[in-house]
Structure formats: structure tokens, C-alpha cells
Amino acid sequence: MQGNAARRPSLWRNRDFFALWGGQAVSALSAQTSGTAMPLLVLATTGSPSDAGIVGAAGTLPYLVAHLPAGPLVDRWDRRRILLTSELCAGLALSTVAVAIWLGRVTVAHLTVVAFVQGLCFVFFGLAERAALPRIVPAALLPTAIAHNEARSRGAALAGPPLGGLLFGIGGAVPFLADALSYALSSVGLLFVRGDLQDRTTTPTESLWRATTEGLRWIWRHPLVRAAIFLIAAGNLVFQALILVLVVLAQHHGATSTTIGTMLGIYSGGGLIGAIAAGKFHHRFTPRTVIVGVNWIWAALLPLFALASNPLLIGAIGAACAFVGPLWNVVIISRTTLLVPNELLGRVTSAAMTLSWGVMTAESGVRAVSGGGADRRGAPATAS
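Numbering (the UniProt record's numbering), first residue to last: 1 to 384.
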């Protein structure tokens with residue numbers, strides 16, 4: 001028995017995964033800080049919320065227009081090179097912002113280009129990382145690895161914004177320089193990831209256009225995955241609007257800015273705790289149970305917001321909603337990743353991202369251009 005336990009695979013002993021995960025943990029946190037600092041920089045430069053919205057929209061645009069064509073390229077090109085190139089290009093783009101600040105030559109046009117380049121790099125890196133994960137993690141540990149990635153993203157989203165505001169207060173160039181350095185650090189981590197990151201047993205012969213739509217056709221042939229993706233798209237729209245509704249609701253009940261910040265922190269904290277819990281309990285649930293159960297939980301919790309008058313109680317209800325989101329992500333993403341042939345995984349993932357994020361990203365862009373702002377770090381989480 002002890003010998004079998006000793007031979008049981010452990011994610012903690014997987015050097016390749018943690019070389020990738022560790023570099024991305026630093027990079028994700030720094031990207032959140034620069035994403036918070038970017039609209040602050042625009043407002044400090046021009047004083048125009050519309051300019052800040054334009055820059056924010058440029059950062060989200062790649063999620064709408066680049067995901068679908070990027071999928072076939074991730075399946076055809078060397079994924080290690082895609083990961084490295086994405087990190088280095090994003091780091092170089094952010095470093096130009098720091099230089100522009102030091103030279104006193106910050107322009108909205110420059111920041112718009114940087115935001116677009118960084119968003120494009122996020123798209124390619126995210127697809128390549130997702131497709132490469134089954135090549136460096138055994139199937140039995142894949143859900144745990146996805147849960148670790150989920151916790152990484154949730155933790156960065158929770159800690160990054162206040163850190164970004166703090167660093168921007170220290171110096172306008174500081175958050176952008178820190179982000180550029182984090183990309184360099186992540187690139188070094190990628191050098192320690194060994195092995196082939198894609199299945200090379202097949203050679204692509206179809207046209208790029210047919211390859212682009214292959215992911216959509218695969219999703220359509222699998223009803224459970226198709227249903228999950230459309231529910232994710234609907235849920236993303238609901239939860240994106242919910243954040244604004246909760247802020248307005250809290251203000252209606254007389255909450256201060258500090259109280260609202262605490263409320264949103266509680267909300268986000270529920271997602272982080274849920275990601276940690278999902279890594280331990282995901283094996284107890286089937287995809288069908290998760291799809292039905294999580295949506296019923298959300299249906300039961302959402303009406304409670306209308307009954308709550310205390311901002312902290314509103315945050316607690318939001319935390320409960322956010323808590324079950326990572327379980328959805330871990331179970332559904334794991335199931336899809338194991339079901340899809342690895343040589344097709346980039347295309348299927350890109351199609352899923354386009355369907356589940358596309359409408360929400362378009363709505364974010366319209367809201368950003370109208371002055372409402374946008375999250376430059378990228379598209380929202382797959383499920384809240």
C-alpha cells in the first residue's frame with residue numbers, strides 16, 4: 001500500500017507544470033496591476049473618460065476578433081514558440097509605456113496600440129497554454145492543474161487592482177515596468193518546460209478557413225459541451241451586468257466607496273476560495289450534475305440580491321455565486337480537454353472562447369467607448 005502511494009502521481013512533483021504556473025502567477029498579477037493603472041494613466045494624461053474607454057476597448061477587441069483564427073495557428077505552429085513570443089511581445093509593448101512616461105511623451109494612440117498588442121498576446125498565450133496543458137500533465141491530474149490555474153487567475157484578479165493603484169501612486173511608470181519584468185520572468189520559466197507541447201502525429205492538410213471552423217463543428221456535434229458553452233455565454237452576460245447593479249444597489253443603501261470596495265472584495269474572495277475548493281472536490285461531480293446544479297444554485301441566489309440592504313450581505317451573496325463558478329470551470333474544461341484530440345484542442349478552445357466571451361466582449365467594448373471603462377486584463381472568467 002505504501003509503495004503504491006509513493007508511486008501515485010503528484011502535481012507538486014511536476015516541474016514542467018510549476019515552471020509554467022509560477023511564471024504565469026507573477027505575470028497574471030502584474031498584468032492586473034498594469035490593467036488597473038492604464039485607465040489611470042489615460043485620465044492623468046488627457047482627463048477624458050472616453051479616451052480611457054477607447055484604450056480599454058482596444059484591449060478587449062482581440063478577444064472578439066482574434067480567438068477564432070488563432071485556434072488553427074495554435075494547433076499548427078510550435079506552441080512553445082507561441083508561448084515565448086506572446087510573453088516577450090507583451091513585455092516589450094508594456095516597456096514602451098514606461099519609456100514614454102519617463103520621456104513625457106504619452107499619447108492615447110500609443111496606449112491604444114499597446115492595449116491591442118497585449119490583448120492579442122493574451123489570446124495566443126491562453127490558447128497555447130490550454131492546448132499544451134495535457135502534454136505536460138497526466139490525465140488523472142489535469143482537473144487539479146486546471147483548478148490551480150483557476151486559483152491563479154482569481155487570486156490575481158483579487159490582489160492586482162489595489163496593487164496597481166498603489167504602484168501607480170508611487171510612480172506612473174512603476175506598474176508598467178513591473179509588468180514588463182514579469183513577462184521576462186515568465187519567459188525564463190517557460191525555458192524550463194521540457195518535452196513536446198503538441199501532438200505531431202498528424203499533419204494539417206485542410207485550408208485555414210476550414211480549420212478555423214472545425215472547432216465550431218466539433219462543439220456542435222457534442223450536445224453536452226454545446227449546452228455548457230451557451231449557458232456560459234448567457235451567464236457571463238448576467239454576471240458582467242450584475243457587478244454594476246450591485247454597486248448601484250449598494251450606493252442606493254448609502255454605502256461609501258470603502259464599503260463598496262470591501263463588498264466587491266468579498267465577492268471576488270468567494271471565487272478564489274471556490275477555486276481552491278474545486279481542486280479538492282471536482283472528482284465528486286459529473287459534468288451533467290455541475291451544469292444543472294450550478295445553474296440552479298445561481299437561480300436560487302440571484303433573487304436574494306433584491307432582498308439584501310446591507311452591502312456586506314450583498315457581498316456575501318455574491319461570494320456564494322462566485323464560489324461555485326470555479327467548480328463549473330474545472331469540471332467542464334477538464335471534460336472538454338480530455339475529450340478533444342490534442343491536435344484539435346486549439347481550434348475547439350478558440351471556438352468555445354468566441355462563443356462564450358464574444359457577446360460579452362462586444363458589450364464591454366461598446367460600454368468602454370461610451371466612457372464606462374473596461375477590464376484590460378482580458379475577457380472575463382469563463383463562469384463567475
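Idealized CB from N, CA, C, for every residue including glycine.
In this text, all values refer to a predicted model and were calculated from it rather than measured experimentally.
Practice item. Under 7 Å Cβ to Cβ from THR33, same chain only, skipping five residues before and after it: list those, please. Key: These residues qualify, in order along the chain: GLY160, LEU163, GLY164, LEU167, PRO175, ALA178, ASP179.
Point to revise | Beta-carbon spacing of GLN118, ALA145 below 7 Å | key: no
Review point. Can you tell which of LEU304, SER356, VAL348 has the C-alpha that lies nearest to the C-alpha of LEU73?
Key: VAL348
**Study point:** Nearest candidate by alpha-carbon position, reference GLY270, set GLU343, HIS67, PRO326, ALA37
**Key:** PRO326
**Study point:** Helix, strand or coil at GLY325 according to DSSP, with G and I counted as helix
**Key:** helix
Check your understanding: According to the neighbour-count rule (16 or more other Cβ atoms, all chains shown, within 10 Å of its Cβ), is ASN310 buried or exposed?
Key -> exposed
Point to revise | Cut-off 7 Å between Cβ atoms - residues of its own chain near ALA70, not counting five sequence neighbours on either side | key: Excluding five sequence positions before and after ALA70, the CB atoms of its chain that fall closer than 7 Å to its own CB belong to VAL123, PHE124, LEU127, SER350, given in chain order.
Practice item. Determine, using beta-carbon pairs with one atom in the region 89-105 and one in the region 180-187, whether at least three such pairs fall under 8 Å. Key: yes
**Study point:** ILE170 burial status per 10 Å Cβ neighbour count (16 or more: buried)
**Key:** Of the other Cβ atoms in all chains shown, fewer than 16 fall within 10 Å of the Cβ of ILE170; this residue is therefore exposed.
Review point. With DSSP run on the structure shown, which of helix, strand or coil describes ASN4?
Key: The predicted position of ASN4 is uncertain, since its pLDDT is 49 and thus under 50; no value can be drawn from it.
Exercise for review: To the nearest angstrom, report how far apart VAL340 and LEU29 are at their CA atoms.
Suggested key: 30 Å
Check your understanding: Is it the case that the Cβ atoms of VAL106 and ALA115 are separated by a distance below 7 Å?
Key -> no
Review point. Would the region 188-196 and the region 16-29 be scored as touching if the rule is three or more Cβ pairs under 8 Å?
Key: yes
**Study point:** Continuous alpha helix (DSSP H) stretch holding VAL97: start and end
**Key:** Where VAL97 is concerned, the enclosing alpha helix (DSSP H) starts and stops at 79-103.
**Study point:** Other residues of its chain near ARG226: CB distance less than 7 Å, five sequence neighbours each side excluded
**Key:** ILE219, TRP220
Check your understanding: Are three or more beta carbon pairs between the region 318-334 and the region 44-52 nearer than 8 Å?
Key -> no
Review point. Can the beta-carbon of SER334 be found less than 7 Å from the beta-carbon of LEU142?
Key: Against a cut-off of 7 Å, the Cβ pair of LEU142 and SER334 comes out as a contact.
Exercise for review: Quick one: grab the DSSP three-state call for GLY191.
Suggested key: Reading off the sequence shown, one finds Leu at residue 191, where the question assumed Gly. Coil at LEU191, not helix or strand.
Point to revise | Straight-line Cα distance separating LEU344 from VAL137 | key: 17 Å
Review point. LEU197 and ALA140: beta carbons closer than 7 Å?
Key: no
Check your understanding: Where do the N-terminal and C-terminal ends of the alpha helix (DSSP H) with GLN198 fall, by residue?
Key -> Judged by DSSP secondary structure, GLN198 falls outside any alpha helix (DSSP H); it is assigned neither H nor E.
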